Every structure is written in structure tokens, then in C-alpha cells.
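Just so you know, the sequences run in chain order A and B. One rule links them: number in the numbering used here = place in the first sequence (from 1) + 257. One rule links them: number in the numbering used here = place in the second sequence (from 1) + 257. Following: one structure in C-alpha cells, then a few remarks.
2 protein chains.
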Amino acid sequence: MKKMGPVPADPVSTDQVTALRRFNRYFTRRIGALDDHYLGQDRPLGEARLLFEIGGKGASLRDLRARLGLDAGYLSRMVRALQTQGLVHVSVHPGDSRLRVAGLTAAGEAEIREQNRLADALAEGLLGGLDARRRAELTTALDTAHRLLRLAAITVETVDGASPDARACLDAYAADIDARFPEGFDPATLVRPEEVSGEAGAFLVAYEEGRPVGCGALRRLGPRAGEIRHVWVDPGARRLGLGRRLLDGLEQRAVERRFTVVRLDTHAVLTEAQEMYRACGYTEIPRYDDNVYAAHWFEKRLPAAR
Amino acid sequence: MKKMGPVPADPVSTDQVTALRRFNRYFTRRIGALDDHYLGQDRPLGEARLLFEIGGKGASLRDLRARLGLDAGYLSRMVRALQTQGLVHVSVHPGDSRLRVAGLTAAGEAEIREQNRLADALAEGLLGGLDARRRAELTTALDTAHRLLRLAAITVETVDGASPDARACLDAYAADIDARFPEGFDPATLVRPEEVSGEAGAFLVAYEEGRPVGCGALRRLGPRAGEIRHVWVDPGARRLGLGRRLLDGLEQRAVERRFTVVRLDTHAVLTEAQEMYRACGYTEIPRYDDNVYAAHWFEKRLPAAR
DNA sequence: CTTTTCCTTTGACTAAAGTCAAGGAACAGC
DNA sequence: GCTGTTCCTTGACTTTAGTCAAAGGAAAAG
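See below:
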């Protein structure tokens with residue numbers, strides 16, 4: 258086999274940087290500004306944002322502080338202001354009486370509805386300037402941009418298999434497939450943390466704005482063989498190409514461990530996953546394990562470590 | 258000929274509104290915020306924006322006030338602040354000594370350069386999260402969105418042919434084609450205002466954010482025939498589909514005047530224009546006028562007024 | 001049953017952003 | 001040359017946004 262050349266350089270072209278900045282400038286000035294100014298109405302922006310963030314479901318002050326990045330004192334006062342305006346009500350958290358939960362009153366909900374109506378009208382007016390074909394084109398372009406910007410912001414990191422983020426992902430994964438497998442899923446068959454740490458394997462978590470939204474595990478099957486397991490992507494982060502990123506990351510970790518091959522299995526119902534594996538260079542092989550949930554087995558030969 | 262049905266309704270779907278709002282929310286939060294916060298550095302945002310707006314070419318305080326929408330007093334003080342920091346210099350306008358013109362000092366320019374460097378680095382970091390293929394896809398999507406958002410914001414209005422905006426467009430048009438025609442162009446052959454007003458004809462100007470960026474004239478050729486002339490789009494607003502919008506608008510005005518046909522001519526070098534006319538349903542006809550600049554003549558039959 | 005940590009409130013600030021009105025200099029139209 | 005308008009500056013505010021530290025009640029850790 259021919260030795261591969263160095264990985265081709267992948268520099269960001271200045272044209273692309275310019276395009277992003279140009280768009281950014283235009284968009285924030287024309288659209289963002291509109292939104293904020295018109296929507297704020299006669300309410301200070303901070304309050305409007307807070308009201309919006311509390312939203313229909315309500316939220317604890319602690320969450321609001323984290324989400325909006327506000328100072329505790331500042332938030333406390335703003336909530337009080339909204340409260341005296343009759344827009345929110347505040348109560349003690351049932352489980353932990355240190356926390357306070359804010360929720361919208363009827364008046365607060367009416368205000369949110371009105372804000373939404375205004376924003377919709379604004380967006381509609383903007384879109385109304387285009388004919389149906391162009392409008393569809395714009396919508397597609399915005400969706401594509403949204404998807405790719407999100408993907409660009411997601412980072413994949415190696416974490417300890419016992420870390421809370423890893424466990425959270427595995428729990429979500431287990432719940433997810435328990436719902437999808439006709440026979441359910443027994444969480445006891447998940448990898449153990451020691452299987453995916455150090456030289457034995459690896460555990461990857463994908464983070465979007467600090468929140469774990471995907472994971473994947475690599476464990477040793479033999480001296481030169483690894484197994485990829487539990488590749489999972491949060492429903493809210495699907496169709497971004499994240500599964501592929503996780504798979505790539507796991508293969509890279511496998512190469513680092515001098516594995517020459519990685520295998521994996523999938524359940525019969527996970528057809529999209531099977532398609533992804535095929536598209537990523539995996540070929541179907543005979544059963545190699547006794548996983549009761551598996552119906553298809555794949556493997557991929559890996560290049561040697563550089 | 259079969260009578261045409263009513264123009265199909267062209268409502269904006271809620272999905273499209275949602276997509277725009279979703280993108281807007283995501284983008285302003287993730288990208289816009291980044292930009293502003295990081296770029297402001299240790300300088301208040303107002304000052305940073307002002308510095309940027311003054312830019313390389315400098316600007317009068319009056320312009321700055323209009324562009325940034327600031328109070329006169331507020332601006333005056335901010336400029337003074339930048340001046341004492343050695344970032345801008347202020348001088349009296351040569352033509353009108355009521356006006357003051359602000360320009361960047363060397364230090365001011367250095368700061369702008371640094372801001373640009375930071376913004377570029379930020380954009381580059383963001384794009385770096387994607388592979389080359391996806392990056393190209395994102396760039397295309399952003400360009401498309403930018404183009405369509407601009408187009409959506411452009412309004413086409415009927416104005417008096419003698420108005421300053423109309424004259425400005427015609428002057429720009431004349432200068433434009435004077436440069437493109439090998440034999441030059443004599444502005445005396447432009448339409449006269451009385452030819453394009455009232456029942457005789459119409460003059461349309463396209464506005465982008467208040468600035469005229471395109472025009473088109475319709476004048477009467479005979480009892481049932483009109484002529485379209487001077488369809489022009491500012492170089493900065495080309496490739497948006499604006500020419501077509503102007504043409505549509507002029508045809509609509511022609512229908513309102515019960516013209517059954519519109520004609521137009523074009524110069525040999527204006528090949529894109531010829532293509533547009535063909536694409537819009539115009540067919541080439543023999544010479545119908547004695548315009549010395551014309552090499553191709555077109556016409557289009559119009560539907561009856563509703 | 002302490003000690004520590006967490007969550008919120010309150011008081012006391014500051015900086016930024018913006019508003020309003022008075023007034024002076026310069027210009028434009030008559 | 002007079003009058004009204006435009007452009008800028010200045011003084012005197014207000015609101016918004018945010019910071020910091022002290023303190024108290026509640027939960028978690030030891």
C-alpha cells in the first residue's frame with residue numbers, strides 16, 4: 258500500500274473570513290438591531306431578556322443567573338422589579354428552600370405573547386419583500402448556516418468515563434435506545450469506566466456551549482483491535498454531522514493506541530446508524546460478540562499511527 | 258386568449274418566520290455577542306462603534322449622528338473623549354464651517370487595525386471548527402442569505418422624475434454607461450422629467466436603507482405602447498435580482514396605463530441586460546427608434562389591466 | 001452537631017448610555 | 001443686513017447596566 262502523504266493543510270481562506278464578517282456586520286445591524294429595539298418596547302432590554310428567559314415554564318434564579326450571565330444582586334433586583342410590575346411571581350423551590358423559582362403571571366405571559374407577535378410580524382414583513390421562490394431559498398440558506406454554525410461551535414473532548422458528563426450521556430443514551438429497542442435496553446450492559454480509560458480505551462463527549470450533546474466510547478477488544486460503542490447524539494443536535502465527528506475522533510484515539518482495526522455492532526432498528534457506518538468506510542462482518550441487542554456487525558481497518 | 262385567474266396568494270409560511278427568528282436568536286446570541294464583547298476590549302462599546310464608524314475616510318459629526326442614531330450632545334462628548342485619548346482629530350469642514358469632521362489619528366488607525374485583527378481571528382477560530390467542505394458550504398449559505406436579506410429590504414417606489422433621487426440615479430447611470438460605451442454617452446439623450454410623470458409614464462427608484470440604488474423609467478411611445486428606459490442598478494447592489502424587480506415594476510405601471518406592449522433598446526456591450534430581457538419574456542424585434550446607442554431592440558406584450 | 005458551601009438579598013457604589021434644553025457660531029434665503 | 005435654520009457644544013440631568021461586599025437562611029459535608 259502506498260504511503261499516504263502528509264495531511265493536506267486546511268487553512269481558512271481570508272475570503273471565508275471576510276464573508277462571515279460581512280454577513281455578521283450586516284445581520285446584526287439590520288436584523289438584530291430591529292429585534293432588540295422594537296421588541297424591548299418601553300421596557301429595558303435587561304428586563305425584557307429576563308422575562309423571556311423565565312418563559313412559560315418558569316426557572317430558578319440560579320438557572321437564570323447562569324443562563325444570562327448576571328450578577329446575583331443585579332438579578333435579584335430585576336426580578337423584584339418585574340414582580341412589582343405584576344409580570345412574574347416568585348416562590349420557594351419545593352425541594353431546596355435556598356432556591357427561588359420565578360414564573361410568569363398571566364400579565365407576564367400576555368407580554369411575552371405580544372413580544373412574539375411583534376417579532377413574528379417583523380420577520381414576516383421582512384420575508385414579505387421576497388417572492389415565494391426566494392423566500393424558500395432564504396429559509397434554506399439560513400437553516401444551512403444555522404446548522405453549520407452550531408456544528409462549528411461543538412467541541413469533542415476526551416473525558417473520564419466516570420465523570421458526570423459521561424454518565425449523563427450514557428444515561429441519556431440508555432433511555433434513548435430503551436425507548437427505541439422493542440425489547441428495551443438493560444443499562445447494565447453499558448461499558449464500565451475502567452474499560453474506556455488510559456491505554457484500554459477512551460470516552461469522548463461532544464459539548465455545545467458547555468452542555469454535553471453527544472458521546473462515544475472506545476474499548477480494547479484485543480492487542481490490535483478496538484471496539485466502538487455507545488455513539489450517541491442528543492436529539493436536539495442531530496443532523497449536524499456530529500455522529501461522524503465522534504466516530505472520526507474515536508478512530509483517531511484507536512490509531513493512537515496502535516489498533517489496526519475497530520469493530521462495532523448495531524441494533525436492527527438503528528438503520529441511520531448503519532448507513533452512517535457504511536458511509537464512513539465500515540464494512541459488514543460476521544457476528545464477533547454475543548451482544549444480545551446486535552443484529553449487524555461492522556469493522557474498519559485503520560491506517561498506522563503517524 | 259384565456260383569461261388569467263387571480264394572482265395566486267403568496268402568504269409567508271409560519272415555518273419560514275420561525276426559521277428566520279430561530280436563526281436570528283441563535284446568531285445574535287452566539288456570534289453578535291462574541292463580536293461586541295471581545296472587540297470592545299477595555300473601551301466602551303459606544304466609543305468603539307464610533308471609532309469604527311469614523312473609519313479610514315473620516316466623517317462629519319452630522320453624518321456620524323445620522324448613521325449611529327446618536328444624540329448631538331452625546332456624540333460631541335464621545336468625540337471629545339476619543340480626541341483626548343489621541344485616537345481622532347477633529348477639524349472644521351472646509352466648505353461649511355458649522356460642520357466638524359473627525360478623522361483617525363495614527364493611533365486610531367492602529368486600534369482599528371487591531372480590532373480587525375481580533376475580529377478576523379475570531380471568525381477564523383469559528384470557521385476552523387469545520388472541515389473545508391463544510392466551510393465552503395457555510396460561506397455559500399451566508400452569501401445567499403446576505404444577498405436575499407438585502408433584496409428583501411430594498412423597496413421600489415414611484416418618484417417624480419425631477420426629484421433629487423431620480424436625478425442622482427440618472428447621473429450615476431449616465432456616468433456608468435459613459436464609461437462602458439466605447440463611444441461614450443451624451444446625457445442630453447436621457448428622458449426628460451415630464452416624459453415620465455402622470456399618465457405619460459413613470460419613474461421608479463429602488464431604495465436600500467434610504468439610499469437610492471437603482472432606477473428605471475417608463476414613457477409613452479404611442480396610445481397603447483410604452484418604452485422602458487434607463488434601467489440601472491448601483492454596482493454595489495448588483496446580482497441581487499434588483500434589475501428584474503425594477504422591470505416588473507415598470508411593466509406593472511405600463512399595465513396600469515393600459516399599454517398593451519412595452520419596447521426597449523440596449524447597447525451592444527450590455528450583454529447581461531440583453532440576457533435579462535430575454536429571461537423576462539422580451540423578444541427581439543427590428544429597430545423601432547433612432548437611438549444612436551442601440552444595437553438590439555426588444556418588446557413584450559402585456560396582459561390587460563385587471 | 002459543627003463547619004462549610006450555596007443561594008439570595010441588601011446596601012453602596014460606578015460606568016455607560018442617553019436625554020433635554022440653552023446658547024453661540026455659521027450659513028441660506030430673502 | 002435681517003431672519004430663520006443648521007450644527008455643534010455645554011450643563012444638568014436620568015436611566016440602565018453592572019460590580020462588590022456583607023450578611024442571613026438553608027442545605028451539604030464532615
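Quick reminder that beta carbons are idealized off the backbone N, C-alpha and C, glycines included. Computed from a predicted structure; not experimentally measured.
Does any residue of chain B bring its CB to less than 8 Å from the CB of residue i?
i	result
A/A380	yes
A/H346	no
A/Y283	yes
A/A463	no
A/R300	no
A/P263	Residue confidence for A/P263 is low, a pLDDT of 39 falling below 50, so the modelled location carries little weight; the figure read from the coordinates is stated next. So no, A/P263 is outside the interface.
A/D400	yes
A/R391	yes
A/E394	yes
A/V549	no
A/Q273	yes
A/F442	no
Would a C-beta distance cut-off of 8 Å place residue i and residue j closer than the cut-off?
i	j	result
B/L307	B/L339	yes
B/V448	B/V470	no
B/A559	B/A511	With the sequence shown as reference, residue 559 of chain B is identified as Leu, and Ala is not the correct amino acid for it. Yes.
B/L503	B/L475	no
A/A359	A/A316	yes
A/A410	A/E465	yes
B/M335	B/E381	no
A/V519	A/E532	no
B/G386	A/V269	no
B/A402	A/L277	no
B/G365	B/L344	yes
A/A431	A/P421	no
A/L408	B/R391	yes
A/L406	B/R481	no
Taking 8 Å as the threshold (beta carbon to beta carbon), is residue i in contact with chain A?
i	result
B/G467	no
B/I288	yes
B/V336	no
B/R496	no
B/V490	no
B/L277	yes
B/T517	no
B/V269	yes
B/Q531	no
B/R460	Correcting the residue type first, residue 460 of chain B is Phe in the shown sequence and not Arg. B/F460 does not count as touching chain A.
B/F280	yes
Taking the beta carbon of residue i as the centre, do at least 16 other beta carbons fall within 10 Å, making it buried, or is it exposed?
i	result
A/G352	exposed
A/N281	buried
A/H487	buried
B/G500	buried
A/G483	buried
A/T396	buried
A/Q273	buried
B/G458	buried
A/Q372	buried
A/R495	exposed
B/T528	exposed
B/A562	exposed
Residues in the same chain with beta-carbon distance under 6 Å from residue i, minus the five sequence neighbours each way, listed in chain order, please.
i	result
A/W554	D522, I542, R544 and Y545
A/R404	L497
A/G418	P450, V453, S454 and F460
In chain order, what residues of the same chain lie with their CB nearer than 7 Å to the CB of residue i, ignoring the 5 residues before and after it?
i	result
B/R437	V526
A/V413	L461, A463, R502, L503 and G506
B/V549	none
B/L332	L318, L321 and R322
For residue i, which residues in the same chain have their Cβ closer than 8 Å to its Cβ, ignoring the five residues on either side in sequence?
i	result
A/P263	Residue confidence for A/P263 is low, a pLDDT of 39 falling below 50, so the modelled location carries little weight and cannot support an answer.
B/P492	D433
At a CB distance below 8 Å, what residues from the segment 365-389 of chain A approach chain B? Give them in sequence order.
A376, D377, A380, E381, L383, L384, G385, G386, L387, D388 and A389
Using a Cβ-Cβ cut-off of less than 8 Å, give me the residues of the segment 403-430 of chain A that come near chain B, in sequence order.
H403, L405, L406, R407, L408, A409, A410, I411 and T412
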